[in-house]
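S.K.:
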Amino acid sequence: MSIDVNKTEVMEEDSNVIYEAPLSAIAKEFKLETIYGPEGWGDRKVVCSDVSRPGLALTGFFDCFDANRLEILGKAEHEYMETFPHDVRMQKYEALFEKNIPAVIISWGLPILEGLVDAAKKYGIPVSFDECAITQEC
82 MSIDVNKTEV
92 MEEDSNVIYE
102 APLSAIAKEF
112 KLETIYGPEG
122 WGDRKVVCSD
132 VSRPGLALTG
142 FFDCFDANRL
152 EILGKAEHEY
162 METFPHDVRM
172 QKYEALFEKN
182 IPAVIISWGL
192 PILEGLVDAA
202 KKYGIPVSFD
212 ECAITQEC
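Residue numbers for the sequence shown, in the working numbering: 82 to 219.
(1) Between which two residues does the alpha helix (DSSP H) holding Glu114 run?
(2) Tell me the DSSP bridge mates of Ala102?
(3) Quick check on the DSSP output: the alpha helix (DSSP H) that includes Leu177 runs from which residue to which?
(4) Taking three-plus beta-carbon pairs below 8 Å as touching, is the region 145-152 in contact with the region 173-185?
(5) In angstroms with no decimal places, state the Cα-to-Cα distance between Asp199 and Tyr161.
(6) How many angstroms separate the CA atom of Ser188 from the CA atom of Glu163?
(7) Here's the rule I'm using: 16 or more other beta-carbon atoms within 10 Å means buried, otherwise exposed. How should Arg125 be labelled?
(8) Looking at the secondary structure, which residues open and close the alpha helix (DSSP H) in which Leu151 lies?
(9) Give me the Cα-Cα distance between Ile186 and Gly141, rounded to the nearest whole angstrom.
(10) Going by C-alpha distance, which of Leu104, Glu110, Glu195 is nearest Arg150?
(11) Do you know how far the Cα of Leu191 is from the Cα of Gly155?
(12) Check Asp199 in the structure and name its three-state DSSP category.
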């Protein structure tokens, strides 16, 4: 794996090192196809190497939520969101996206549910999907 990573020193009481990578480098490395990307999306810096599955956040529970993580929507999140009418689904996506997450990635080649891209556009959140899951050419 060879993602172009920048190293930034943060001076506080303790000296911390933060690694950041542009979203475009992550998308290229993991063969992500962009569904929606606001202007400049590829330059958006990802500063957290952890990812998150936002199941609890989609229920409205944001205690301990880390908005620096990439959010991966998998089968469980998809099935859960599919149970709601469009207006409720939109509210749930908007509650997640208003936290200004770096991006959302749809896994397993799942279909894009109605409301997801509209909410992403409203908050300027890039949306990608895992190309490998669809083509099986990873």
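Idealized CB from N, CA, C, for every residue including glycine.
M.R.: In short, the structure shows the following:
(1) Careful: Glu114 lies outside any alpha helix (DSSP H), inside the beta strand (DSSP E) at 113-117.
(2) Val127
(3) If you look at Leu177, you'll find it in the alpha helix (DSSP H) that goes 167-178.
(4) The region 173-185 and the region 145-152 touch, with three or more beta-carbon pairs separated by less than 8 Å.
(5) Between Asp199 and Tyr161, the C-alpha separation is close to 18 Å.
(6) 15 Å
(7) buried
(8) It is not in any alpha helix (DSSP H) - Leu151 instead sits in the beta strand (DSSP E) that spans 151-154.
(9) 19 Å
(10) Leu104
(11) In this structure, the alpha-carbon of Gly155 lies about 8 Å from that of Leu191.
(12) Of the three classes helix, strand and coil, the one that applies to Asp199 here is helix, per DSSP.
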